Every structure is written in C-alpha cells, then in structure tokens.
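Heads up, the sequence shown is in this note's numbering, so the first residue is -10 and it goes up one at a time. Using N, Cα and C, we set each Cβ at its ideal position, and we do this for glycine too. Fair warning: this is a prediction, and the values are worked out from it, not measured in the lab. I have placed the structure first, in the form of structure tokens, so that the comments after it can refer back to it.
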Amino acid sequence: LATMGYITPTLVGTWPGYISPSSGLKFADIPNGLGALSKVPFAGWAQILIYCAFVEVSGIQNRPSDAPGDLGWKILTSDDPEVKTKKLSA
-10 LATMGYITPT LVGTWPGYIS PSSGLKFADI PNGLGALSKV PFAGWAQILI YCAFVEVSGI
50 QNRPSDAPGD LGWKILTSDD PEVKTKKLSA
C-alpha cells in the first residue's frame, strides 16, 4: 500500500488545486515519500489524525461482540467449536 501511494502520483498525477490556499501551496508542490512530511502544513496532518481517530472510535459501537477478532464474519469462524478449530488450524 505504501508503494502504491508512492508510485501513483508519479504515474497519474496529483489533484488540481491547492492543499493550502492561505499559503499558496498546491498539491503538485508536495513531493513523494518522506519529503512530504516537511511540506504538508501541520493543520493537514492534524486533519488526517483526527479523521483516523474518528474512524477508529466510530467502529467501536458497531462490534458484534467483545471477543477479540470477532468482526461478525463467519468466513474463518463457525458456531460449531469443532469446525471452528479445524478452520483456524489450517
């Protein structure tokens, strides 16, 4: 995923417009990789972190149970303990 995030802007280009209109910084001015850390304004990083925290917290209320790893999918699990052990041991 990190590799695709590095390669994609080079192949398809960047979004048009400004990442920070107040400082005149365009999306095209942001370099790939670690160089972006110093170019993106602090408010931009804060927005990213706040969004990530929101996504994490909003998912807490949607969990089907308190069991670790129970996401409500029955692909790798089963109600039958013997079948569940067999699937998880594969």
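Residue closest to residue i, alpha-carbon to alpha-carbon, out of the options
{"i": "TRP34", "options": "GLN50, ILE8, ALA79", "result": "ILE8"}
{"i": "LEU23", "options": "PHE43, GLY48, GLY(-6)", "result": "GLY(-6)"}
Contact set for residue i: own chain, Cβ-Cβ below 8 Å, skip 5 residues either direction
{"i": "LYS28", "result": "LEU14, ASP18, ILE19, PRO20"}
{"i": "PRO30", "result": "ILE8, SER9, SER12, LEU14"}
{"i": "GLY6", "result": "LYS15, PHE16"}
Contact test: residue i Cβ vs the ligand COA heavy atom, cutoff 7 Å
{"i": "MET(-7)", "result": "Of ligands this structure carries none, so the ligand COA is not represented either."}
Three-state class that DSSP yields for residue i in the structure shown
{"i": "ILE8", "result": "strand"}
{"i": "LEU14", "result": "strand"}
{"i": "PRO30", "result": "coil"}
{"i": "GLY48", "result": "coil"}
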